[in-house]
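In this note's numbering, the protein residues as written are 5 to 253.
Following: one structure in structure tokens, then a few remarks.
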């Protein structure tokens with residue numbers, strides 16, 4: 005299997021859409037200018053691994069998406085969080101995949117089904133049942149559907165058969181100290197990947213800080229790794245500035 009790329013300046017910098025025809029040895033990807041490409045893989049975002057190795061399928065944490073070219077198919081790597089997804093569809097003898105729902109709809113020449121009242125709940129279902137179902141369907145105006153894929157990676161063979169591939173998982177920590185060290189090491193590799201000078205575009209890590217526990221915990225870890233920039237949410241019920249200040253951000 006081989007991959008060919010078409011870069012476009014007319015689409016969002018990190019978006020991509022690929023198509024694979026049945027029994028073809030050529031996978032074609034149209035992408036924005038910030039998508040990283042090699043002869044064996046492409047990706048956007050960062051992951052817990054050395055950027056130069058491009059080993060996204062082996063990453064415990066993937067903040068972004070992409071795919072790897074295998075001998076008899078394409079291995080798609082989904083985000084490790086629920087703020088992003090990979091959307092797929094099969095139309096006849098062609099399989100499509102994209103990290104953008106709008107891009108995929110445009111590639112298919114389709115639109116949302118305006119008679120469908122439950123899109124919001126279908127997206128919620130893709131969050132709530134991500135580990136229990138392979139995908140969630142979204143109906144389009146053609147009467148066909150698009151699949152929302154989260155959680156597991158998936159392989160598309162040259163005959164367009166799809167099978168899920170579990171993501172790599174870290175060992176279950178036996179103590180809090182081991183858990184803390186594991187999170188810190190993973191975050192450290194994510195940050196190193198983000199600022200790698202070999203990237204088309206490197207990223208400046210910024211923590212969001214609210215008065216909640218999760219953001220404060222992540223901000224504390226970020227500060228321990230040498231990163232001190234924060235965005236604080238401020239409202240009548242919310243103000244993350246005291247926590248950021250206490251952390252020296």
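Glycine included, every Cβ here is placed at the ideal spot set by N, Cα and C.
For residue 25, the secondary structure class from DSSP, reduced to helix, strand or coil, is strand. Using a Cβ-Cβ distance cut-off of 8 Å, the segment 40-51 and the segment 172-186 are not in contact, since fewer than three pairs of beta carbons, one from each stretch, lie closer than that value. Per DSSP, reduced to three states, the secondary structure at residue 88 is coil, with no helix or strand assignment. Taken through DSSP and simplified to helix, strand or coil, residue 35 comes out as strand.
Spatial neighbours of residue 252 in its own chain (CB-CB distance under 8 Å, excluding positions within 5 residues in sequence) are listed in chain order as 227, 232.
Note that the segment 96-104 touches the segment 11-23; at least 3 beta-carbon pairs, one per stretch, sit closer than 8 Å.
With respect to residue 73, residue 7 sits close: the two C-beta atoms are nearer than 8 Å.
Nearest to residue 148 by alpha-carbon distance, out of 168, 116, 169, is 116. Contact between the segment 48-67 and the segment 202-210 is established, with three or more Cβ pairs separated by less than 8 Å. Taking 8 Å as the cut-off, the Cβ atoms of residue 160 and residue 99 count as close. Taking 4 residues as the minimum length, the alpha helix (DSSP H) runs contained wholly in the segment 46-128 are 105-112, in order along the chain. Residue state for residue 201 is assigned as coil, using DSSP reduced to three classes.
Closest option to residue 187, judged by alpha-carbon separation, among 153, 64, 108: 64. Burial is judged here by how many other beta carbons sit within 10 angstroms of a residue's own beta carbon; residue 170 has fewer than 16 and is exposed.
In this structure, residue 79 keeps its C-beta atom at 8 Å or more from the C-beta atom of residue 59.
Looking only at 207, 241, 249, 243, the smallest Cα-Cα distance to residue 224 is reached by 249.
Counting the other Cβ atoms within 10 Å of the Cβ of residue 175 gives fewer than 16, which makes it exposed. The beta carbons of residue 199 and residue 235 sit no closer together than 8 Å.
Residue 92 places its beta carbon less than 8 Å from that of residue 153.
By the Cβ-count criterion, residue 17 is exposed, with fewer than 16 other Cβ atoms from all chains shown falling within 10 Å of its own Cβ. When the beta-carbon positions are compared, residue 67 and residue 81 stay at least 8 Å from each other. Counting the other CB atoms within 10 Å of its CB gives residue 35 a total of 16 or more, which places it among the buried residues.
Note on geometry: alpha-carbon atoms of residue 163 and residue 118 lie some 33 Å from one another. When the alpha-carbon of residue 28 is set against those of 172, 77, 71, the nearest one is in 77. Contact between residue 142 and residue 123 is confirmed by a C-beta separation of about 7 Å, below the 8 Å threshold. Sequence-distant Cβ neighbours of residue 229 in its own chain, meaning closer than 8 Å and more than five residues away, are 188, 191, 192, 195.
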